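Numbering that gives the first Met the number 0 applies: residue 0 is where the sequence shown begins, and numbers increase by one. Beta carbons: idealized from backbone N, C-alpha and C, even for Gly. Note that the coordinates shown come from a computational prediction; the quantities given were computed from them, not determined experimentally. Beneath this line is the structure, given in structure tokens, with notes to follow.
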Amino acid sequence: MFNQLVYQPLFQTLVFLYHLLGDNLGLAIIALTLLIRFLLIPFTLPSLKVVNKLKDLKPQLDELKRQFGNDKARFQQEQMKLYQEHKINPVSGCLPQIATLVVFYALYRVFIDFLKNGTGVGQGIGLNFLWFNLANPDTLYILPALAGLSQLILSLMVLPGADTTAERTLASKTPSKADDKKAEDMTDMATTMQQQMVFIFPVMIFFAALKFPSGLAVYWVITTVFSVVQQYFISGLGGLVPQLQKVTKFFRQR
0 MFNQLVYQPL
10 FQTLVFLYHL
20 LGDNLGLAII
30 ALTLLIRFLL
40 IPFTLPSLKV
50 VNKLKDLKPQ
60 LDELKRQFGN
70 DKARFQQEQM
80 KLYQEHKINP
90 VSGCLPQIAT
100 LVVFYALYRV
110 FIDFLKNGTG
120 VGQGIGLNFL
130 WFNLANPDTL
140 YILPALAGLS
150 QLILSLMVLP
160 GADTTAERTL
170 ASKTPSKADD
180 KKAEDMTDMA
190 TTMQQQMVFI
200 FPVMIFFAAL
210 KFPSGLAVYW
220 VITTVFSVVQ
230 QYFISGLGGL
240 VPQLQKVTKF
250 FRQR
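Printed below as a string of structure tokens:
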């Protein structure tokens, strides 16, 4: 069923685009990636909007953790009440994300199979595109660098910015109590892990792209850049702004 409903339609679409674009596999991969991302917009937008709303509610959620961190039942009750007040359904984006992952997995298989044998295309597949061979890793490391950099930009955009005035105000209103310390430590730990993954994941993408065929690296760069543009229209630069300010300040001091 997976092959009939997902894999084969994507594979045949890639074959069609390959011939339509003058037997240029690089352009066909880019076109198919953009086509899929545009078709998935109705599914991805709801989850992105939920994430954006949750990011805006972070100060209130942190305050709830400080107040009720040791009482899980009460914390969940107050958390759901906060979500209801702002008309947020945290699980509303789960099914769209699952559908998106299924399609992306199918695309991965399509690209791998196409690059290996080009079934349905015929002999003499043109694998050269720009400076690289789509079936081999990019020996100049340009594609892996672009894949890692674009992922870093996206990760920073969805990351909440530095402590806002609202967060500081809420923190100052909460007295320092011994029974709140555990909840505060857990919040700090979660925030630290989130910030670390912002930089770890792009590095993982970079090293993965060093081993992948360049065709897959092209796909990753295009789909991530698409996500960056999509995220920008939803929530702007987000957490990227504080990081850019830090970089600017660093170079000014030098």
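* Among the residues of its own chain, which have a CB less than 6 Å from the CB of Ile204, if the five just before and after it don't count? -> Contacts found: Ala146, Gly147, Gln150.
* To do: List the whole-angstrom C-beta distance separating Ile233 from Leu47, where the pair is believed to meet the contact cut-off of C-beta under 8 Å.
  => Contact holds; Cβ gap of about 5 Å.
* Where does Leu4 sit, in a helix, a strand or coil, going by DSSP? -> Residue state, collapsed to three classes: helix.
* With DSSP collapsed to three states, give me the class of Asn132. => Per DSSP, reduced to three states, the secondary structure at Asn132 is strand.
* To do: Provide the residue(s) that pair with Asn127 in DSSP beta bridges, ordered along the chain.
  => Answer is Asn132.
* To do: Classify Val217 as buried or exposed, calling it buried when 16 or more other Cβ atoms lie within 10 Å of its own Cβ.
  => Buried, because 16 or more other Cβ atoms sit within 10 Å of the Cβ of Val217.
* If you drop the 5 nearest sequence neighbours on each side, which residues of the same chain put their C-beta closer than 8 Å to that of Gly125? -> Once the five neighbours on either side are set aside, the close Cβ partners of Gly125 are Asp22, Asn23, Leu24.
* To do: Would you be able to state if there are at least three C-beta pairs under 8 Å between the segment 7-21 and the segment 102-109?
  => Proximity of the segment 102-109 to the segment 7-21 meets the contact definition, three or more beta-carbon pairs being nearer than 8 Å.
* Asked: In angstroms, rounded to a whole number, what distance separates the CA positions of Gly214 and Leu139?
  -> Distance between the alpha carbons of Gly214 and Leu139 is about 14 Å.
* Can you give the beta carbon distance from Leu142 to Ser226, rounded, assuming they're within the 8 Å contact cut? -> Incorrect: roughly 17 Å between the Cβ atoms, too far for contact.
* Can you give, in chain order, each stretch of the beta strand (DSSP E) that sits fully within the segment 17-42 and has at least 3 residues? -> DSSP runs (the beta strand (DSSP E)) wholly in the segment 17-42: none.
* To do: Quick one: give me the first and last residue of the alpha helix (DSSP H) that Pro143 is part of.
  => DSSP places Pro143 inside the alpha helix (DSSP H), whose first and last residues are 141-157.
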